[in-house]
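**Q** Questions regarding the structure given below will be posed in turn.
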Amino acid sequence: MSDALDTGQITERKDCRVCGNTALVPVMDFGSQAVAGAFPPIGTGRDAQRFPLELVRCDVEADPSACGLVQLRHSLNGHLLYDAYWYRSGINRTMTDNLHEIARQAAELVGGLSEGDLVIDVGCNDGTLLDGYRPLAPGGVTYLGVDPSDVTRYAVEKGYDVVNTFFSHEAVASFAGDRKAKVITAIAMFYDLENPRQFVREIADSLQDDGVWVSEFSYMPTMLTMNSFDTVCHEHLEYYSLAVIERVMESAGLHVLRAELNDVNGGSIRLFVGHAEHTTASAADAENLAAMRAEEERLRLGTAAPYAAFAERSERVRTDLRDTLTRLVADGRTVHVYGASTKGNTTLQYAGIDSSLVPMAADRNPDKWGRETIGTSIPIVSEEESRAFAPDYYLVLPWHFLDEMLEREAEFLGRGGQFIIPMPDVRLIDGQHREG
15 MSDALDTGQI
25 TERKDCRVCG
35 NTALVPVMDF
45 GSQAVAGAFP
55 PIGTGRDAQR
65 FPLELVRCDV
75 EADPSACGLV
85 QLRHSLNGHL
95 LYDAYWYRSG
105 INRTMTDNLH
115 EIARQAAELV
125 GGLSEGDLVI
135 DVGCNDGTLL
145 DGYRPLAPGG
155 VTYLGVDPSD
165 VTRYAVEKGY
175 DVVNTFFSHE
185 AVASFAGDRK
195 AKVITAIAMF
205 YDLENPRQFV
215 REIADSLQDD
225 GVWVSEFSYM
235 PTMLTMNSFD
245 TVCHEHLEYY
255 SLAVIERVME
265 SAGLHVLRAE
275 LNDVNGGSIR
285 LFVGHAEHTT
295 ASAADAENLA
305 AMRAEEERLR
315 LGTAAPYAAF
325 AERSERVRTD
335 LRDTLTRLVA
345 DGRTVHVYGA
355 STKGNTTLQY
365 AGIDSSLVPM
375 AADRNPDKWG
385 RETIGTSIPI
395 VSEEESRAFA
405 PDYYLVLPWH
415 FLDEMLEREA
425 EFLGRGGQFI
435 IPMPDVRLID
445 GQHREG
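In this text, residue positions in the sequence shown follow the numbering used here: the first is 15, and each later residue adds one.
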């Protein structure tokens, strides 16, 4: 790691990214891993540079002024994470439907969109979420994406305006001048921020008084209960509870109007946020927020116990998964990966699963074909090419899309193939959707 530190590729954070407290205690150490969001050319993935991947917690027991945030101990240079970005929102139906539902809810909450309104999607990716507004809004609405990655070329091809940089009020103003947004969305990116308080201030400066900001990202308490350690990667710097979220929002004069939990990406929280001075939560939403706060208290998130239990269960899943694959291969069975994903790269590296156990990975994204999983060197092919080899098992790494994959691979399961699902516990699923 010293070489990486010397070249400015990685920085150790000695304080909390939300409250600045230095009372950081270990939660779980994943060792050194290659950047999970990358898919290098075949033959090069095993040699990729590795960086420490460790979770720590801002410890309320050590210092009552601490906030309780779970975060990565280290930060990588953004160019390592975003210059070549592989994830595309519109690749699978489940995520597309989710993003379009967010657009529908956002438009509904502001009473509909009108000609002249500005709508911003932070981390717009390929423009899939922005697509969701088109059937709902009249002409004359301005749609703007703000995203530093190269995958925004797909959004530009659709005709969207994109500012290809990290979000800031200045970046928005470079396109929109002094106009403010009726709706801002920021999906699966709020946990990627080196300075979340600054980001929230920039959101507040860019949002109309009666506007709504919608954000969705991994919900830390669900990550703990679902053993979804695959959520952890160098890109995701923070892992939030509602209590910490509300502390951040309050610092910028914002408040949570509504919060919903869902099973997106293994367990997410969807937040609807407005200016505290100008917006009010409905009675039903306020009651639900109170219930969520009470549940977080019940989980004792301010103590070490739930995090120690999470680390212990994650280690058990890692052992069970590798033992299962080793046994199947020893019995002459063939296993392919199904879905070469960022989350999957964390799982493969943490469990030590490489091409000696799994000879190939099937993926729908043609940009990944002819490449391999980073750090574990499993070649990536199309789903059709993988099916032609008739594997006995698919290790489903994007397990949170299981329902869609059961439907898509009905023929594979019908001829006797089985899915291996890694989380929350390792299990096998056959053609009758029976678990074993």
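A virtual CB, placed ideally from N, CA and C, is assigned to each residue, including glycine.
#1: In chain order, what residues of the same chain lie with their CB nearer than 8 Å to the CB of A323, ignoring the 5 residues before and after it?
#2: Which same chain residues, not among the five before or five after S396, have their C-beta less than 6 Å away from its C-beta?
#3: Return the CA-CA distance between F181 and A98, expressed in angstroms with no decimal places.
#4: Considering only residues of the same chain and omitting the five flanking positions on each side of D20, which have a CB-CB separation below 6 Å?
#5: Within the 7 Å Cβ cut-off, does D77 reach chain D?
#6: Looking at the unbroken alpha helix (DSSP H) that takes in T338, where does it start and where does it end?
#7: Which parts of the stretch 365 to 442 are runs of the alpha helix (DSSP H), unbroken and 4 residues or longer, counting only runs that do not cross its ends?
#8: Rounded C-beta distance between H269 and A298? I'm assuming under 8 Å.
#9: Within a Cβ cutoff of 6 Å, which residues of the same chain sit near P438, ignoring the five residues on either side of it in sequence?
#10: Checking the sheet assignment: what are the DSSP bridge partners for N241?
#11: Beta-carbon separation of V349 and Y407 under 7 Å?
#12: Fully enclosed by the stretch 247 to 314, which beta strand (DSSP E) runs are 3 residues long or longer?
#13: In whole angstroms, what separates the C-alpha of A187 from that of I394?
#14: From the DSSP output, in three-state form, read off T348 for me.
#15: Between A308 and R272, which are expected to be in contact by the criterion C-beta below 8 Å, what is the C-beta distance as a whole number of angstroms?
#16: Taking all protein chains shown into account, decide if S232 is buried (16 or more other Cβ within 10 angstroms of its Cβ) or exposed.
#17: With distances taken between CB atoms, is the gap from S355 to L303 smaller than 7 Å?
#18: Relative to the C-alpha of S282, which residue among P373, M109, P66 is closest?
#19: Would you call P78 buried or exposed, if buried means 16 or more other Cβ atoms sit within 10 Å of its Cβ?
#20: Reducing DSSP to helix, strand and coil, say where S16 ends up.
#21: Comparing alpha-carbon positions, which option in G45, G225, V176, K28 lies nearest R163?
**A** A quick look at the data gives this:
#1: L238
#2: W383
#3: 18 Å
#4: Since pLDDT at D20 reaches only 47, below the 50 mark, its modelled position is unreliable, and the value read off the structure follows with that caveat. So the list is empty, once near-sequence residues are dropped.
#5: The structure shown has no chain D; it contains just one protein chain.
#6: That run of the alpha helix (DSSP H) goes 319 to 344.
#7: 397 to 402, 416 to 422, 424 to 428
#8: Between A298 and H269 the Cβ distance is about 16 Å, and since that is not below 8 Å, they are no contact.
#9: Contacts found: M240, N241.
#10: Within the DSSP secondary-structure output, N241 pairs in no beta bridge.
#11: Going by C-beta atoms, V349 is nearer than 7 Å to Y407.
#12: Every unbroken stretch of the beta strand (DSSP E) spanning 3 or more residues and falling wholly within the stretch 247 to 314 is given here in chain order: 268 to 276, 282 to 289.
#13: 41 Å
#14: coil
#15: That belief does not hold up - the Cβ atoms of A308 and R272 are roughly 17 Å apart, past 8 Å.
#16: It is buried - the Cβ of S232 has at least 16 other Cβ atoms within 10 Å.
#17: Taking the C-beta atoms as reference points, L303 is found no nearer than 7 Å to S355.
#18: M109
#19: exposed
#20: With a pLDDT of 43 at S16, under the threshold of 50, the modelled position of this residue cannot be trusted, and the question is left open.
#21: The amino acid occupying residue 163 in the given sequence is Ser; Arg does not appear at that position. Closest option to S163, Cα to Cα, is V176.
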